[in-house]
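Peer 1: The structure is given below, and queries will be raised subsequently.
Have a look at this one:
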């Protein structure tokens with residue numbers, strides 16, 4: 502089942518912060534975040550495994566709340582280069598809580614626009 | 091490194107024609123995927139493969155066929171093209187093992203297909 506992303510679109514000025522959320526009605530094993538610029542292929546940002554970890558690099562970080570089956574992507578002090586569409590990809594957990602061998606279902610995307 | 095290479099980049103088909111979208115990867119990845127992305131939408135999984143000789147259906151397999159005779163290649167066949175198959179097609183690959191269970195997918199540049 503497709504995860505739900507919110508908001509659908511965000512408009513920022515350089516230096517502002519944003520949060521993008523991804524929710525699933527199914528138990529998840531992992532959540533992946535990708536960014537896609539217009540006319541290009543999606544590019545991997547980070548992966549979070551169940552266990553409630555938080556990860557980040559540079560000014561982009563993410564968290565995974567296993568109990569709520571939600572993940573959030575945090576973009577701080579946004580730059581023009583952050584503009585693009587952000588997708589979460591979710592991997593469902595098996596009945597035993599294990600991996601479903603990497604099969605991802607992607608959300609509908611959040612369009613992020615950063616203005617000077 | 092070439093990564094994931096897709097050909098052609100663009101194609102226009104007439105209704106009822108057939109064609110094969112080519113995908114090859116040079117990263118020795120065991121998993122390969124085909125997605126379609128309709129305008130303003132997320133990625134939908136068409137077919138995937140966990141290794142040479144093994145393929146399985148994704149969310150939207152109707153009207154498509156795949157084969158995986160080698161680790162490197164994963165062609166997608168469209169039979170009897172229909173306007174509903176107008177989309178951008180992305181091939182992706184990943185290296186997945188039960189030990190790491192981190193399915194980081196690397197995408198090709200995409201094939202833009204119009205069926206008229």
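Protein chains in written order, with this note's numbering: chain A, 502 to 617; chain B, 91 to 206.
Don't be surprised by glycine CBs; every beta carbon is placed ideally from N, CA and C.
As the structure is a prediction and not an experimental result, all values here were calculated from the model.
Can you find the residues in the same chain that come closer than 7 Å, C-beta to C-beta, to residue 168 of chain B, ignoring five residues on each side of it along the sequence?
Peer 2: Excluding positions up to five away in sequence, the list reads 108, 109, 153, 154 and 175.
Peer 1: Shortest alpha-carbon distance to residue 569 of chain A belongs to which of A:587, A:502, A:616 and A:523?
Peer 2: For residue 569 of chain A, the nearest C-alpha among the options comes from A:523.
Peer 1: Among the residues of its own chain, which have a CB less than 8 Å from the CB of residue 617 of chain A, if the five just before and after it don't count?
Peer 2: Excluding positions up to five away in sequence, the list reads 514, 515 and 581.
Peer 1: Given a limit of 7 Å on CB to CB distance, which residues of the region 182 to 193 of chain B reach chain A?
Peer 2: The region 182 to 193 of chain B vs chain A, Cβ under 7 Å: 184, 186, 191, 192 and 193.
Peer 1: What residues from the region 128 to 143 of chain B come within 9 Å of chain A, judged by C-beta to C-beta, listed N to C?
Peer 2: Going along the region 128 to 143 of chain B in chain order, one finds 130, 131, 132, 133, 134, 135, 138 and 140 with a Cβ nearer than 9 Å to chain A.
Peer 1: Name the DSSP beta bridge partners of residue 146 of chain B, please?
Peer 2: Answer is B:138, bridged to residue 146 of chain B.
Peer 1: Quick one: list the residues of chain B neighbouring residue 602 of chain A, beta-carbon separation under 9 Å, in chain order.
Peer 2: Neighbours of residue 602 of chain A on chain B, chain order: 121, 140, 186, 188, 191 and 193.
Peer 1: Looking at residue 613 of chain A and residue 584 of chain A, is the spacing between their C-beta atoms short of 8 Å?
Peer 2: Cβ distance < 8 Å, so residue 584 of chain A and residue 613 of chain A count as in contact.
Peer 1: Roughly how many angstroms lie between the CA atoms of residue 198 of chain B and residue 93 of chain B, to the nearest whole one?
Peer 2: Whole-angstrom Cα-Cα distance: 8 Å.
Peer 1: Establish whether the CB of residue 585 of chain A and some CB of chain B are separated by less than 8 Å.
Peer 2: No, its Cβ sits nowhere closer than 8 Å to a Cβ of chain B.
Peer 1: Would you mind reading off the limits of the beta strand (DSSP E) that contains residue 539 of chain A?
Peer 2: Unbroken run through residue 539 of chain A: none, as it is neither H nor E.
Peer 1: Mind listing the chain A neighbours of residue 171 of chain B? Cutoff is C-beta to C-beta under 9 Å, in chain order.
Peer 2: Within 9 Å Cβ-Cβ: nothing; residue 171 of chain B doesn't reach chain A, min ~23 Å.
Peer 1: Taking only three categories from DSSP, how would you classify residue 564 of chain A?
Peer 2: Looking at residue 564 of chain A - three-state DSSP - the assignment turns out to be strand.
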